[in-house]
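Structure first, commentary second.
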Amino acid sequence: MKPRRSPWFDWMVLPTIVILAFVIGYPIVRTFVLSTQNYKVLSGLPATGVGFSNYQQLYHDPVFWQSLRNTAVYTFGSVVVAVIIGLALALLTEHMAGPWRYIRTVLLTPWAVPLIVVAFLFRYMFDQDSGVVNALLRDLGLIHSNVHWLTSSTWAMPTVMLANIWTAVPFFFLVFTASLTSVPTDVVEAARVDRAGTWSMIGRIKLPYLLGPAMIAVLIMVINNFNDFAKIWAMTQGGPAYSTTTLVVYVYQLAFSSFNMGYASAIGVVWLLLLMIFAVFYVRLLQRASR
Amino acid sequence: MSSITLKGVEKHYGSTQVLFDCNLEIRDHEFMVIVGPSGSGKTTMLRIVAGLESVTGGEVYFGDRIVNNVDVGDRDVAMVFQNYGLYPHMSVYENMAFGLRRRKLPKPEIDRRVRDAAGMLGISEMLKRRPKQLSGGQRQRVALGRAIVRDPEVFLLDEPLSNLDAHLRVQMRAEILRVHRAVTATAVYVTHDQTEALTMGDRIVVMHEGRVQQVGPPEEPYDRPVNRFVAGFIGTPAMGFLECTLSREGDRAHVEGPGVRIELPPEAAAAVPLPGGSKVVAGVRPEHMDIVPAASVGQDVRSYVTGVVEVVEPLGSEQYVLVDVSGAKLTARTKRDSSIRPDQKVAFAVDGSVVHLFDTETEKAFL
Amino acid sequence: MLHPGSLNESKPTRGRTRRSISVLTVAGVLALLAAACGSSSPKSSNSGQGTTPSAQHPVTITFANWADAETATRPGIEATISQFEATHPGIKVVSQPISFTDIGHTLILRQQSGNPPDVAELSGNDTFAVAATGALAPLDSYLKSGVYNAKALSEGTYKGQVVALPWNSNPPGLWYNKTLMTQAGLDPNSPPATITQLMTDLATIKAKEPGVLPLGIDTTNRSFALAVDWPWMKTFGATPFSGSNATANTPQMQAFLGFMQTLAQKGYITANHKIGYYRPLAAQNKVAFVWDQPVLQGVVQSTNHETDAQFFANWGVTTLPTGPAGQASTVDEGHQLVIFNHSAQKKADWEFINWLASDPSAVTGYTIKYESSLPTLANPSPQIQSQINTPILQAFTNKILPTVIQLPYGPNFSSAYTPIMAGVQSAVTSSTSPASIAANIQSGLQNAFK
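Chains as they are written, first to last, in the numbering used here: chain A, 933 to 1223; chain B, 1199 to 1565; chain C, 27 to 476.
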């Protein structure tokens, strides 16, 4: 027997649709419209339609391409490293018992630290003159002159990524720890009987169980990193030069320093399209996982 | 040599002790069944034999080699798990080949063994499938196959049939025995199902509360249970127990209680080292009770039990009659007889030579 | 879905409601599109000049400023506001602290969304960026001639009208630490006058005083940084843009970038730091030369509690060293006070800002005491004269202020500072050649001016 539909129920979604249209639909439509206009707030002139010339400009803008590259490096680089560390920690702490269990709690704490605090923490730690990192490396004799962690074009991106990785590791650690508990004891013991060593136990038996949750977690983090503004802005403001300028930072600079709203919106649209690709993958994965 | 010996094995989990001074000898090529209710320690004992758990006291020998500190992978055991423990992301073929690859067997040898085992179990057509695509029975066969390709000295099975339906279970029992005969390994089989134990085991071990209660051929715990637990656990429906008083007249003896009187054969009377007037527990199996007319009690029938019918369970050709004998509950297995109704008074003749007597305190059998 | 074949009475009604839902949804989406296409500029409130405040009808002035957001000046500005309220019973002032770096774009956004403050503290390009949006009220009708000096007033003039009242003069000068110079064997009474001398002195400091930063200069990516670095570019003859023409790809600009790169590579400067970063270092005698505003003195003394005499013995200030282009220059990043068009009580607003900038008690009690900067009055009273009669403020007044140049502030400056300062940053943080950095700045500027 088919469940009876209650048509009055459909009405219930109407307020939601209206609210969503305003809070999501309006900004998207407005951004797209702006992206086809020349609208510089500081000029005092009203916006004028310019078709797709903002997009043409973007195609020839080296800073746009650099920020796209930086976004990719920041997004995927941090995720790859954080996944590896998170997985290693989850495996290392899997069988911890007694007082050792509290290590897990300790490992989760970076997650509870507000992002802006993380940014300032790393800014102070990696300060080239007064930071603890340079002091430590000097004391250990590993460096002889201070490394310009946040103020050199070479090191700024890795340092910002390190801060990001530090906050992302607990997330992956948690996901992997939870997924490890879902590996059936039977299967692990069967593998022990089959003489699986540490590596083949991890690689052949446990990892396949972690793959599904890992994919979803990775996508969540990719989307997170892709949107990350606070950490980068608080640590380097996208500098030095454009070495840590990601798409969001570039959009922010264009929109709120130069007040070039039209061009900033065009980049915003590109950014949104890229984000939607990740979102589609994410929704697909979730659907597959729930099946 | 693949006999297995447990000497004084103990197991603690923290402050909880789950095995107490367990001694057991499993002979080479034997099919040994460990049976007991849940929580009796039977699975723990199997896992100790496997090497999945360590002992906290005593020794485990394979042959005359002490294996306390030998890890599971090095004990040359194969194991079939209750939930099969198949690797879900590997094909059936890979599931069976995995352990062989880990033991660095040559490829053609692995292939031969897997195909032989698959042939023996009738799963040759499914080698490329994933466990998820198989039925419960087929998964069970793959789990068995994974164990036998290893050609191990010791074959361990932990309640392997408990996830199958009744029909398939009977079929797989035969299958496992056939496989055991083919591979001639020592097998240890854990079950809570006494039917499996009695039908499959060369010998059976009855476990209860972490202790070995009785070891012997299947008929032994049935015929000569060593204590009231074994007597009550083995046999369906279970044995009924009656609180009685022992009476002695010269070398003859009988036990009696409200609605009960059973005359003991001289050997049995001699085996009970108690004076007349002592309390004993008499155990009567359902199949040893025959309905007799109430009038014959005390006349032609010298050993009897009388009581009130509570429930009648018809079972095709037979029926179980649950009787209340002054508070004690007994089940009798009788021919189908539609004249017996609940609340009716009934009398049963009992053969005194098959009655079991137990000490009221220690619950040990007088044999 | 409608069940086919069902002839239940209620069904047609339901179908109608269903259609009306879709109509409503479509209408909603269309309305959204219309709203999105429409102009979002706020309604400008064209209220009159306001009424004269009285104790019976008090007015409240909202005052956005960074003085109240910085530890060194917060007590001063709060006391000064209280003093104003005490002497002007009809007016209340509500301070809205916003950081120096954020105040420009925050006020533009607030103007765009229709809730600007009544009065604000601004400086440099921010003043002109906000003025360009048409947010600022002209002050000409309130100004009495002869109160403020003409040069300071001209720095707040946009399109022929005064839109910003000069609160103080704050040009950066080259501060030199006499103690460190003496220790390094340099003559503390002859600070470097040319870029060549500067390089020699920096080398000496670097060699003799390893724990000391030779030179402090702002290389952040802010409009303020471009403003204070502009004189350095000019000393090499470079002008990165004029009007909406990018002129960054020149030998002069390359020379400037090469100079900055050398400073960084030799370890004479540290990159990416704000001007404020060097002030605590100055208080600990950890920096030999700093390109900074008069306020340095106030911050140093509030940090290390030196007396005036000690401070003057320790520090001197002079003009920017001259380079190939000859002339020394500086920019007056003086703090200015503005009134927003949006304000409904401009008379009270004017009373407040005019009092802050010209009342002797406000000038001595705040501008000189807390900002340690110069008042902008045409004829300072003898009391004020005596307060600014210090070696430092005299040097600023007599040597540095005369070298002030006007920068091309406005929307183009807002678009230009990011590409230019990103170029400066890549000069001081990488080994990219000055030629290719100059070319990058040029294309970045062309892109930004489109």
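All C-beta atoms, glycine included, are put in the ideal place defined by N, C-alpha and C.
For clarity, every value in this text was computed on a predicted model and none was experimentally measured.
### Query
What does A155/C touch in chain A if you count any residue whose Cβ is under 7 Å from its own?
L974
### Message
From the DSSP secondary-structure annotation, give me the bridge partner or partners of S195/C.
### Response
L400/C
### Message
Does the CB of Y1387/B have a neighbour CB from chain A at under 8 Å?
### Response
no
### Task
Compare the C-beta of I301/C with all C-beta atoms of chain A and state if any pair is closer than 8 Å.
no
### Query
Alpha carbon to alpha carbon, what distance is there between I1321/B and V1519/B?
45 Å
### Query
If you check the beta carbons only, do R1010/A and A1146/A fall under 8 Å apart?
Checking the displayed sequence, the identity of residue 1010/A turns out to be Ser instead of Arg. Against a cut-off of 8 Å, the Cβ pair of A1146/A and S1010/A comes out as no contact.
#### Entry: Chain-ordered neighbours of R1300/B on chain A, where CB pairs are closer than 9 Å
Contact annotation for R1300/B against chain A: A1123, D1126, R1127, A1128, G1129, S1132 [CB-CB distance below 9 Å, chain order].
### Message
As an exercise, report each continuous alpha helix (DSSP H) stretch of at least 4 residues that is fully enclosed by the segment 1211-1276 of chain B, in chain order.
### Response
For the segment 1211-1276 of chain B, whole alpha helix (DSSP H) runs of length 4 or above, ordered along the chain, are 1240-1248.
### Message
Quick check: the Cα distance between A1469/B and G1475/B, rounded to an integer number of angstroms?
### Response
16 Å
### Task
Locate the alpha helix (DSSP H) running through N1157/A, then write down its first and last residues.
In the DSSP assignment, N1157/A falls within the alpha helix (DSSP H) that extends over 1139-1158.
### Query
Does DSSP put V357/C in a helix, a strand or coil?
Shown here, V357/C sits in coil according to DSSP, grouped into three states, outside any helix or strand.
### Task
Could you please give me the residues that DSSP links to D1557/B through a beta bridge?
V1478/B
### Query
Skipping 5 residues on each side, what residues in its chain have a beta carbon closer than 6 Å to that of V1216/B?
Apart from the 5 residues on each side of it in sequence, V1216/B sits with its Cβ closer than 6 Å to the Cβ of K1209, G1239, T1242, G1408 in its chain, given in chain order.
### Local Cβ density within 10 Å of N1157/A, reported as buried at 16 or more and exposed below that
Taking all protein chains shown into account, N1157/A has 16 or more neighbouring C-beta atoms within 10 Å of its C-beta and is therefore buried.
#### Entry: Limits of the beta strand (DSSP E) - the one that I1489/B falls within
From DSSP, the beta strand (DSSP E) with I1489/B extends over 1487-1490.
### Query
Using CA coordinates, which residue listed in F1008/A, L1039/A, A1004/A is at the minimum distance from A1020/A?
Looking from the CA of A1020/A, the closest CA among F1008/A, L1039/A, A1004/A belongs to L1039/A.
### Message
DSSP has K1543/B in a bridge; who is on the other side?
### Response
K1543/B is bridged by DSSP to V1506/B.
### Task
Taking C-beta pairs closer than 8 Å, name the residues in chain B that I1148/A reaches, listed in chain order.
Under the 8 Å cutoff, chain B gives no residues; its nearest Cβ is about 17 Å from I1148/A.
#### Entry: Contact the segment 205-222 of chain C vs the segment 383-398 of chain C: 3+ CB pairs below 8 Å
By the Cβ test, the segment 205-222 of chain C is not in contact with the segment 383-398 of chain C, since fewer than three Cβ pairs between them sit closer than 8 Å.
### Task
Label D334/C either buried or exposed according to how many other C-beta atoms from any shown protein chain fall within 10 Å of its C-beta, with 16 as the threshold for buried.
Residue environment analysis places D334/C among the exposed positions, since fewer than 16 neighbouring C-beta atoms fall within 10 angstroms of its C-beta.
#### Entry: Contact check, L1555/B vs A1480/B, beta carbons under 8 Å
Yes, these two residues count as a Cβ contact at 8 Å.
### Task
Determine the chain C residues that contact F1191/A at a beta-carbon separation under 7 Å, and present them in chain order.
I134, S440
### Message
One question on the structure: do P1235/B and H1378/B come within less than 8 Å of each other, judged by their Cβ atoms?
### Response
No; because the gap between Cβ atoms is not below 8 Å, this pair is not in contact.
### Task
Would you please state the rounded distance, in angstroms, between the beta carbons of F1427/B and H1406/B? I believe it to be under 8 Å.
5 Å
### Message
With a threshold of 8 Å between beta-carbons, can A53/C be considered close to chain A, or not?
### Response
Any reading at A53/C must be qualified, since the residue scores a pLDDT of 47, below 50, and its modelled position is unreliable; no value is offered.
### Query
Of the residues A421/C, T220/C, A474/C, T356/C, which one's Cα is nearest the Cα of G342/C?
Of the candidates A421/C, T220/C, A474/C, T356/C, the one whose C-alpha sits nearest the C-alpha of G342/C is A421/C.
### Query
Are F1353/B and D1118/A closer than 8 Å when you measure CB to CB?
no
### Segment limits, beta strand (DSSP E) that includes Q1169/A
Taken as a continuous stretch (DSSP letters only), Q1169/A belongs to no beta strand (DSSP E), as it is neither H nor E.
### Query
How would you label M944/A, buried or exposed, when you count the other beta carbons within 10 angstroms and need 16 or more for buried?
exposed
### Query
Which residues, in order along the segment 1256-1276 of chain B, keep a beta-carbon less than 7 Å from a beta-carbon of chain A?
Listed by position along the chain: V1270, G1271, V1275, A1276.
### Message
Can you tell me whether G1525/B is buried or exposed? The criterion is at least 16 other CB atoms within 10 Å of its CB, across all chains shown.
### Response
exposed
### Task
Would you check if the segment 1253-1272 of chain B and the segment 1411-1427 of chain B touch, i.e. whether three or more CB-CB distances between them fall below 8 Å?
no
### Query
Is DSSP giving Y1607/B helix, strand or coil here?
The requested residue 1607/B does not occur in the structure, where chain B is confined to residues 1199 to 1565.
### Query
Who are the neighbours of P1116/A on chain B, taking C-beta pairs under 8 Å?
N1281, G1283
### Message
Distance check for S1077/A and L1094/A, CA to CA, integer angstroms please.
### Response
21 Å
### Query
What are the residues that DSSP puts in a beta bridge with K1209/B?
L1217/B
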